[in-house]
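> Can you read through this structure? Questions will come right after.
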Amino acid sequence: MTSFLIVVCSRCGKFLLAKAGQKTRTCPYCGSRIILDRCKRVATFEDVGAASATLKKLKREAAERRRS
Ligand SMILES: [Zn+2]
Numbered sequence: 562m563t564s565f566l567i568v569v570c571s572r573c574g575k576f577l578l579a580k581a582g583q584k585t586r587t588c589p590y591c592g593s594r595i596i597l598d599r600c601k602r603v604a605t606f607e608d609v610g611a612a613s614a615t616l617k618k619l620k621r622e623a624a625e626r627r628r629s
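For the sequence shown, the numbering used here begins at 562 and goes up steadily by one.
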């Protein structure tokens with residue numbers, strides 16, 4: 562079964578989704594190549610639906626923090 566990770570981009574600090582077992586992931590925001598073993602992992606999920614729901618929540622919270 563594939564697990565999904567939520568990781569933090571080491572360059573721009575944004576949250577993004579990655580598949581467990583992947584070595585690298587290109588950040589969709591800043592274009593930098595992230596080495597998944599070395600970046601900060603926020604959470605791991607067994608299904609992509611839960612992962613993307615949590616990712617949306619984290620992004621919304623981050624946006625709210627920037628506004629206040
Ligand atoms: Zn980035």
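Glycine is no exception: its CB is placed at the ideal position from the N, C-alpha and C atoms.
#1: In three-state terms, what does DSSP make of residue 580?
#2: Can residue 595 and residue 568 be called in contact, C-beta distance under 8 Å?
#3: Mind listing which residues have their beta carbon within less than 6 Å of any non-hydrogen atom of ligand 1? Chain order is fine.
#4: Taking the alpha-carbon positions, what's the residue 592 to residue 563 distance?
#5: Just the Cα atoms here: how many angstroms apart are residue 617 and residue 625?
Put simply:
#1: strand
#2: yes
#3: 570, 572, 573, 575, 588, 590, 591 and 593
#4: 24 Å
#5: 12 Å
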